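From first to last, the protein sequence lines stand for chains E and L. Position in the first sequence counted from 1, then plus 421, gives you the working numbering. Position in the second sequence counted from 1, then plus 92, gives you the working numbering. Structure first, commentary second.
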Amino acid sequence: MEKYLKKQFAIFALPTLIAFSVAFGIPFIMGLYLSFCEFTTVSNATFVGLENYMKVFSEANFIQAFWFTVKVVIVSVITVNIFAFLLALLLTQKLKGTNLFRTVFFMPNLIGGIILGYIWQSIINGILVNFEVTMLMDSSYGFWGLIMVVNWQYIGYIMIIYIAGLQNVSSSVLEAADIDGATGAQKVFLIKVPLIMTSITIALFLTIANSFKMFDQNLALTNGGPGNSTSMLALDIYNTFYGTIGFEGVGQAKATIFFIVVAAIAVFQVFLTRRKEVEN
Amino acid sequence: MSKKFLKTILFLSATMATLVGCSGSEESASEDNGSIYYLNFKPEVAEVWNNIAEKYTEETGIPVKVITAASGEYESTLKSEMAKKDAPTLFHINGPMGYKSWKDYCIDLQNVDFYDALTDKSLAIVGEDGGVYGLPLAIEGYGIIYNEAILDKYFALSNAKIKSIEEVNNFNALKTLAEDMQANKDALGIEGAFASTSLLPGEDWRWQTHLLNIPIYAEFKDKGVDDLDVIDFSYSQNFKDIFDLYINNSTTKPTLLSSKGVMDSMAEFALGQAAMVQNGNWAWGQIADIGGNVIKEEDVKFLPIYIGLDNEEEYGLPIGNENYLAVNSQASELDQQATIDFVNWLLSSEIGKSEMVNTLGNISPYSTFADDEKPNDPLAKSMLEYMENGKTSITWVFPMFPSQNFKDAVGASLMEYAQGSKTWNDVEATVKDMWASQKALTK
Chain E
422 MEKYLKKQFA IFALPTLIAF SVAFGIPFIM GLYLSFCEFT TVSNATFVGL
472 ENYMKVFSEA NFIQAFWFTV KVVIVSVITV NIFAFLLALL LTQKLKGTNL
522 FRTVFFMPNL IGGIILGYIW QSIINGILVN FEVTMLMDSS YGFWGLIMVV
572 NWQYIGYIMI IYIAGLQNVS SSVLEAADID GATGAQKVFL IKVPLIMTSI
622 TIALFLTIAN SFKMFDQNLA LTNGGPGNST SMLALDIYNT FYGTIGFEGV
672 GQAKATIFFI VVAAIAVFQV FLTRRKEVEN
Chain L
93 MSKKFLKTIL FLSATMATLV GCSGSEESAS EDNGSIYYLN FKPEVAEVWN
143 NIAEKYTEET GIPVKVITAA SGEYESTLKS EMAKKDAPTL FHINGPMGYK
193 SWKDYCIDLQ NVDFYDALTD KSLAIVGEDG GVYGLPLAIE GYGIIYNEAI
243 LDKYFALSNA KIKSIEEVNN FNALKTLAED MQANKDALGI EGAFASTSLL
293 PGEDWRWQTH LLNIPIYAEF KDKGVDDLDV IDFSYSQNFK DIFDLYINNS
343 TTKPTLLSSK GVMDSMAEFA LGQAAMVQNG NWAWGQIADI GGNVIKEEDV
393 KFLPIYIGLD NEEEYGLPIG NENYLAVNSQ ASELDQQATI DFVNWLLSSE
443 IGKSEMVNTL GNISPYSTFA DDEKPNDPLA KSMLEYMENG KTSITWVFPM
493 FPSQNFKDAV GASLMEYAQG SKTWNDVEAT VKDMWASQKA LTK
């Protein structure tokens, strides 16, 4: 059997492998190379060595965007996961209409981030107009606006992952806990949480990676304003690439650093939560 | 064995088909006469350009492809399009700073017919080697657009402090006019003298680029230069005066301006809620297209932007050009020639000229256009009047502004100033510091 699979490997994996290398592998390697180049268009680059990387830190914007991103990631990962988990708990109870609610909560995730951003911008500004300010009054407005949009968008998606996990918790274990006289809270924290650790790994990974990479919501909601105080890393990279003449390579260098940081954090997180996973 | 082999072949060919499918739909542009690919800058005239392309192809059989970049996305679209095999042959560069970034992609246009026809050779972009790399398509002007009907209504008020538009030829008169109109807004049936000062990020170019042009122009003029690495921003106070006038006498409270876009203010003007709005002659289309607009064509006119310079009454509108046509040097020679022919056609044939003047509404700085071949819209007419009655036009110096980041930073600080979270000293510092640091970065 295994031998047979090995023979067929090429047939089954090749299409994906080709697509992967065309759409991801080659651009990634090109990007890496371009971060050491000065260029206007990607097909016409001259090698300049580490110059771009030295310029990255000469700009205060990058560091500021980095810390702002870290703040957004911490707050949004915590809030999204807590709300999603609570909703999942609620919607795995025997209630009427749970399927309808699951669909409704999932729906925001189907709308593109850029549209979401603009819609929420109008909503938030529509409320703030009563106080004669707009969302660009202060960076904290933009920060909480962003948290709100991210929550609204991702909770449904993460909730589905938790629901799938919770449905896999075997009912015999829960019945045994009932017989032993476990309280509701004990059942959640001592039985359900450890048993859905695989879901938690995925959910955390997705929320961390998505919050780090967030671009369209940021662009649509505040476009980094006021000033650059609410620019996240992806937006800052974009602005570096297109905003200053001759800084394409610096933007690319920032993107490379960004990739390394996000990859390191995500791998570390998966490693940590993996250790807590148990067999169901 | 043979069956498996067959399967493999089938699978591979299916994969290849999908991949080829992605890169397919390429036009067979390998005709003998070359082809033209124009990357258009203005979304509002995208349709017009498609029509022009069709007409040209009909006449000559040479394919013309027109792609229009989304508003504010020209540089990014150009960057990605240029990296393709089928790159634009005709594109725009954004003044001398744009030339700096695209100099490897521009051919020398010194020997083309339309350079000969350029009436004012100083309008072209000249490289360090003396070659001509960018040529204007049209000249444009901007100023304070006013609705004469509302102004006449104001002049007729018994308590009006200004009695005719002729009196408004300096900043103090403009200030009196705007403030008095604002005070009488109920009697005039308007919501404010000026339309909203749109300060939404990305919608603030009328202030961080066009308005800022005037104090910087004055500084360059005093110093007798056309570019500086470090500026003193000596006309900061004048810039503050005019900006204050705009934000304090408008339809919208200053703290709410950061939610307004350009279209909001154009709509307010078109609907008669505001008497004045700062914009350029390209805005006529926007004003006319707004549904329910109450403005009459003959009432739309320009007033120069007065900021309190010396001998201000001598000045007309800021007139210039920002987007220069360039021909791609990396394209095949055949395509380059086809592109040059296309521009020649546009600027000298009857059909081409008629499209330029009547459909695009462009005022062309080329001698191929006769005196009566001028656009007929009210703003172009008003602009030509200022140019022809002996007023000194203010030069567009903003193509020398160091970068988009500089403009965005200035726009953001103006926004924070309007909201009261920054002082004017901060704005002044931003203008000076960002200018110096961005100029240094792009050296």
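Glycine residues also receive a C-beta, built at the ideal position from the N, C-alpha and C atoms. Fair warning: this is a prediction, and the values are worked out from it, not measured in the lab.
Asked                                                                                                                                                                 : Found
State the DSSP-derived secondary structure class of G400(L), mapped to helix, strand or coil.                                                                         : coil
Is M635(E) helix, strand or coil by DSSP?                                                                                                                             : coil
At least one CB of chain E closer than 7 Å to the CB of L506(L): is that the case?                                                                                    : no
Which residues, taken in chain order from the stretch 184 to 209 of chain L, show a beta carbon closer than 7 Å to some beta carbon of chain E?                       : M189, K192, S193, W194 and D196
Any beta carbon from chain L within less than 7 Å of G648(E)'s own beta carbon?                                                                                       : yes
CA-CA distance, S529(L) and S328(L)?                                                                                                                                  : 19 Å
Return the CA-CA distance between C114(L) and F441(E), expressed in angstroms with no decimal places.                                                                 : Bear in mind that a pLDDT of 44 at C114(L), under 50, signals an unreliable position, so the model cannot answer this.
Can you give me the C-alpha to C-alpha distance between Y391(E) and L611(E), rounded to a whole angstrom?                                                             : Any question about residue 391(E) goes unanswered here, given that chain E covers just 422 to 701.
Work out the CA separation of P436(E) and L111(L) for me, nearest whole Å.                                                                                            : With a pLDDT of 48 at L111(L), under the threshold of 50, the modelled position of that residue is not reliable, and no figure is offered here.
Does N530(E) get closer than 7 Å to chain L when you measure Cβ to Cβ?                                                                                                : no
Would you please verify whether the beta carbon of A175(L) is less than 7 Å from any beta carbon of chain E?                                                          : yes
Is the Cβ of M368(L) closer than 7 Å to any Cβ of chain E?                                                                                                            : no
For a cutoff of 7 Å on Cβ pairs, would you count T487(L) as touching chain E?                                                                                         : no
Please state whether DSSP places S115(L) in a helix, a strand or coil.                                                                                                : In this predicted model, S115(L) has a pLDDT of only 43, less than 50, meaning its place in the structure is not dependable enough to derive any value.
Looking at the secondary structure, which residues open and close the beta strand (DSSP E) in which D419(L) lies?                                                     : According to the sequence displayed, residue 419(L) carries Val and not Asp. Where V419(L) is concerned, the enclosing beta strand (DSSP E) stretches over N415 to V419.
Spatial neighbours of E119(L) within its chain, please: CB distance less than 6 Å, with the 5 preceding and 5 following residues excluded, ordered by chain position. : Residue placement at E119(L) is flagged as unreliable, the pLDDT there being 44, under the threshold of 50; the coordinate-derived value follows with that caveat. Nothing listed; no residue qualifies.
At a CB-CB cut-off below 8 Å, which residues of chain L make contact with L453(E)?                                                                                    : Per Cβ cutoff of 8 Å: no residues; L453(E) is ~17 Å from chain L at best.
Please determine, among L227(L), Q300(L) and K332(L), the residue with the shortest C-alpha to C-alpha distance to L401(L).                                           : K332(L)
Report the option in I499(E), I535(E) and D657(E) whose CA atom is closest to the CA atom of Q412(E).                                                                 : Residue 412(E) lies beyond the range of chain E shown here (422 to 701); nothing can be said about it.
How long is the line joining the alpha carbons of D637(E) and G452(E), rounded to whole angstroms?                                                                    : 21 Å
Going by DSSP, what residues sit across from H184(L) in a beta bridge?                                                                                                : L417(L)
Would D463(L) be called buried (16 or more neighbouring beta carbons within 10 Å of its own) or exposed?                                                              : exposed
Would you check whether the ligand NAP has a heavy atom nearer than 6 Å to the C-beta of Y407(L)?                                                                     : Looking at this structure, you won't find the ligand NAP or any other ligand, since it has none at all.
Are the Cβ atoms of P470(L) and G453(L) separated by less than 7 Å?                                                                                                   : no
Is it right to say Q300(L) is buried, meaning 16 or more other beta carbons lie within 10 angstroms of its own, or is it exposed?                                     : buried
Alpha carbon to alpha carbon, how far is L215(L) from K177(L)? Give it in angstroms, no decimals.                                                                     : 31 Å
In the DSSP assignment, what are the bridge partners of S342(L)?                                                                                                      : F286(L)
Distance, Cα to Cα, A585(E) vs L508(E)?                                                                                                                               : 12 Å
Which residues bound the alpha helix (DSSP H) around M368(L)?                                                                                                         : No alpha helix (DSSP H) contains M368(L), which is instead part of the beta strand (DSSP E) from A366 to G372.
Among all the DSSP beta bridges, which residues are the ones paired with K157(L)?                                                                                     : Y129(L)
Could you tell me the distance, in whole angstroms, from the CA atom of D212(L) to the CA atom of Q274(L)?                                                            : 42 Å
Grab the span of the alpha helix (DSSP H) containing G453(L) for me, first residue to last.                                                                           : From DSSP, G453(L) is part of no alpha helix (DSSP H); its letter is neither H nor E.
Can a CB atom of chain E be found closer than 7 Å to the CB of S495(L)?                                                                                               : yes
Hey, F683(E) and F626(E) are a contact pair by Cβ (cut 8 Å); roughly how many whole angstroms apart?                                                                  : The residue asked about is misnamed: residue 683(E) is Val in this sequence, not Phe. The Cβ separation is near 11 Å, so there is no contact.
Can you give me the C-alpha to C-alpha distance between K253(L) and F247(L), rounded to a whole angstrom?                                                             : 8 Å
Would DSSP call N142(L) helix, strand or coil?                                                                                                                        : helix
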